[in-house]
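Using the numbering used here, you'd call the opening residue of the sequence shown number 25 and step up by one each time.
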Amino acid sequence: MKPITYTTTDVWFIKWVCAIEQQWLSAKKDMRYISPKHYVGQYIRGFKMLANVSWDIVYNIIIPVNVSESFHWIMILFRIRHRCLYVYDSFIGGALNTKNVHRHVQSLATIIPLFLNIPQQALQSKYVYLYYLDYNFIIIHCNVLTFFYYYFYNDCGMYVCAFAEFISHELFDISTKIFNATNHRMRYGMLLWDYARKKQNDGAISESEVTGNVTSRLGDPKILRDVVSPVVTIKTRNR
């Protein structure tokens with residue numbers, strides 16, 4: 025069986041990353057806020073996604089990012105062995121958009137190493153490099169300018185889907201790929217229609233419809249999907 029080489033996060037991951045970064049900075053970088061029980065720690069351990077794949081058994085993490093201030097989508101690939109965040113952005117240009125994108129990428133570059141380096145994370149990884157990450161991730165903005173046949177600003181979400189599809193097939197250099205958003209949108213529409221048909225025929229349910237417990241692959245107890253608060257409260261002693 026071919027080993028799993030990648031996993032993904034959902035669209036909420038970046039929200040938890042930005043939120044805990046603000047808490048951590050406001051608390052003067054108090055490391056008690058970087059807890060494995062926080063949502064970010066739960067994603068890393070494989071608790072928050074139905075696919076339930078922890079980061080210690082894959083090489084690449086696909087992270088879709090909604091840059092809400094710019095009404096824009098980008099995709100970030102975290103290649104663990106490279107200690108690098110590869111940024112795939114279909115719209116490069118404009119000072120405001122560039123600033124907003126950089127802020128989201130920098131939040132990931134700051135927070136992910138903090139969570140990977142806490143002893144309590146306790147993932148029994150066979151990949152030693154995962155737990156000796158320093159605090160300086162490399163950030164590379166990938167060249168995707170020749171990727172487009174026709175481009176409209178509201179196609180950014182479609183391009184993120186395409187970026188993820190290429191990467192899932194281990195095609196990391198997409199600078200020479202030619203892509204027509206209209207044709208690809210039709211293709212995805214057909215795939216979603218076929219998915220819905222098979223789902224009805226098989227009586228299956230999608231991740232958004234799942235309630236109840238998500239079981240850890242690491243042998244830990246089951247936890248409720250919403251049991252972990254996104255806000256970390258630190259108890260202080262009265263003097």
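Just so you know, even glycine gets a beta-carbon here, dropped at the ideal spot from N, CA and C.
Continuous alpha helix (DSSP H) stretch holding residue i: start and end
i	result
N225	205–226
M182	180–192
Closest Cα partner of residue i within the set the options
i	options	result
I142	K222, V64, S50	V64
I163	L195, I191, L109	L109
K39	R56, I198, L132	L132
I87	R103, S94, K61, D197	R103
D80	A228, F139, L216, F190	F139
P137	K52, V125, R105	R105
T134	S78, L49, N204, Q224	L49
C180	S59, S94, L215, H193	S94
Q46	I198, H128, E194	H128
M182	G213, F196, M55, H193	G213
H126	Q224, C42, N225	C42
Whole-angstrom C-beta distance between residue j and residue i, which should lie under 8 Å
i	j	result
Y30	V82	6 Å
H165	A186	Going by Cβ atoms, the distance from H165 to A186 rounds to 17 Å, so no, they are not a contact pair.
I85	T122	That belief does not hold up - the Cβ atoms of I85 and T122 are roughly 23 Å apart, past 8 Å.
M99	V89	7 Å
F71	R107	That belief does not hold up - the Cβ atoms of F71 and R107 are roughly 24 Å apart, past 8 Å.
I198	L101	Contact flag wrong, Cβ pair sits at about 11 Å.
V91	N124	5 Å
Residue range of the beta strand (DSSP E) that includes residue i
i	result
V89	84–91
V77	Taken as a continuous stretch (DSSP letters only), V77 belongs to no beta strand (DSSP E), as it is neither H nor E.
M73	Here M73 belongs to no beta strand (DSSP E), and DSSP marks it neither H nor E.
C108	108–112
R103	96–103
I163	162–165
Cβ of residue i within 8 Å of any chain C Cβ
i	result
S192	Of the chains in the structure shown, none is chain C; there is only one protein chain.
Rounded C-alpha distance that separates residue i from residue j
i	j	result
R69	K222	30 Å
V184	F115	11 Å
W97	D113	8 Å
Y67	T206	33 Å
D218	G227	14 Å
E189	Q130	24 Å
A220	M210	15 Å
H62	F37	11 Å
I58	V35	21 Å
M55	L216	43 Å
A51	N204	47 Å
K53	I44	11 Å
E194	P60	30 Å
Which runs of the beta strand (DSSP E) fall wholly inside the stretch 25–62 and span at least 3 residues, in chain order? 30–32
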